[in-house]
Amino acid sequence: NNASSATSFYEAYQWFTGGAVYNGNKTAAKHDAAAFTDGSKTRYQSPGLGCARNHIIYIANGAPADNDNSALALLKRLNPSATRMSIPVAENVKSSESANWIDEFAAFFYNAADLDGALEGAQNITTHAIAVTGASSDGNYPNFIRWIAKQGGGLYQQASNSDQIIVAMTKILNQIRASNSVFSSASLPVSANTQGTYLNQVYIGMFRPDGNALPRWVGNLKQYQFLYDAQRDTLQLADAN
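Those letters in the sequence shown? Residues 213 to 453, by this note's numbering.
Now the structure itself:
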């Protein structure tokens with residue numbers, strides 16, 4: 213409530229991309245040493261992007277305070293052409309809240325950001341949001357939190373107690389799991405030269421439907437082979453090494 217959420221969004225982007233630590237508490241007793249690439253803790257250890265989707269779950273108990281030049285400066289570090297978006301009147305968002313920059317962060321993460329240019333397609337970030345009501349005298353702020361999730365391409369949930377927060381988190385996590393699930397059966401090709409035998413090549417497809425219902429599916433095809441472990445008398449999947 214009344215916090216600089218834009219700073220947290222910028223920090224999250226730095227973590228996703230393995231960028232420089234901006235405002236992370238590196239000296240806290242409970243910090244995770246594995247979160248950094250070096251002893252001086254100047255850069256984050258990226259979680260590794262792959263072709264899976266990336267998500268942020270934003271939980272708010274009030275409107276953020278990101279309507280200053282500091283928040284805009286952080287956004288322009290990532291998106292130099294960033295400008296204020298116009299929120300439709302139908303969204304019923306207060307003008308004081310629409311002046312925040314966090315919705316522009318969420319929109320950039322979802323629509324324009326590419327966390328790894330070396331991978332095919334845009335590796336973007338989906339932002340989900342939960343508005344915890346009852347903790348703020350401002351009963352209108354959930355409309356802005358819902359708008360953030362809308363701009364971030366994610367799911368919006370509202371909760372007023374701990375049980376409802378658990379339900380909201382479960383719904384969001386189930387959606388995340390569904391978008392990142394892969395399904396494909398392994399195949400062992402028949403030998404073209406010797407009928408009735410199979411080549412020692414195991415192909416496993418790792419694909420998932422496109423979240424935007426586009427015809428192209430994201431994924432790859434992996435090739436393994438069976439390796440016999442004489443000590444255990446078992447077969448294992450092995451790679452080229």
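We put the CB at the ideal spot given by N, CA and C, even for glycine.
Check                                                                                                              : Outcome
Residue range of the unbroken beta strand (DSSP E) whose run includes Ile269                                       : 266 to 272
Spatial distance of Ala324 from Trp313 (CA atoms)                                                                  : 16 Å
Residue from Leu449, Gly417, Tyr440 whose Cα sits closest to the Cα of Lys434                                      : Gly417
DSSP-derived helix/strand/coil call for Thr249                                                                     : coil
Inter-stretch contact (C-beta, 8 Å, three-pair minimum) for the stretch 336 to 348 and the stretch 256 to 273      : yes
Top-ranked residue by Cα proximity to Asn453, from Phe438, Thr446, Glu223                                          : Phe438
Ser252 to Leu327 span [Cα, whole Å]                                                                                : 24 Å
Assigned exposure category for Val344 - 16 Cβ within 10 Å defines buried                                           : buried
Close-in-space but distant-in-sequence residues of the same chain around Ala311 (CB under 6 Å, 5 per side omitted) : Asn279
Burial state of Gly366, where buried means 16 or more other Cβ atoms lie within 10 Å                               : buried
The stretch 368 to 388 touching the stretch 293 to 303, judged by at least three CB pairs closer than 8 Å          : no
Burial state of Lys238 (16 or more Cβ within 10 Å)                                                                 : exposed
Enclosing alpha helix (DSSP H) for Lys434 [first to last residue]                                                  : Counting along the chain, Lys434 falls outside any alpha helix (DSSP H), though it belongs to the beta strand (DSSP E) covering 430 to 441.
Nearest residue (CA-CA) to Thr295, options Asn281, Met381, Asn304                                                  : Asn281
Delimiting residues of the alpha helix (DSSP H) encompassing Tyr222                                                : 217 to 229
Gly274 versus Lys306 - alpha carbon distance                                                                       : 13 Å
Residues bridged to Arg255 (per DSSP)                                                                              : Ala232
The stretch 314 to 322 in contact with the stretch 353 to 363 per 3-pair CB rule at 8 Å                            : yes
Span of the alpha helix (DSSP H), counted from its first residue to its last, around Tyr410                        : From DSSP, Tyr410 is part of no alpha helix (DSSP H); its letter is neither H nor E.
Backbone secondary structure at Met381 - three-state DSSP                                                          : helix
Reduced DSSP category for Leu331 - H, G, I as helix; E, B as strand; rest coil                                     : coil
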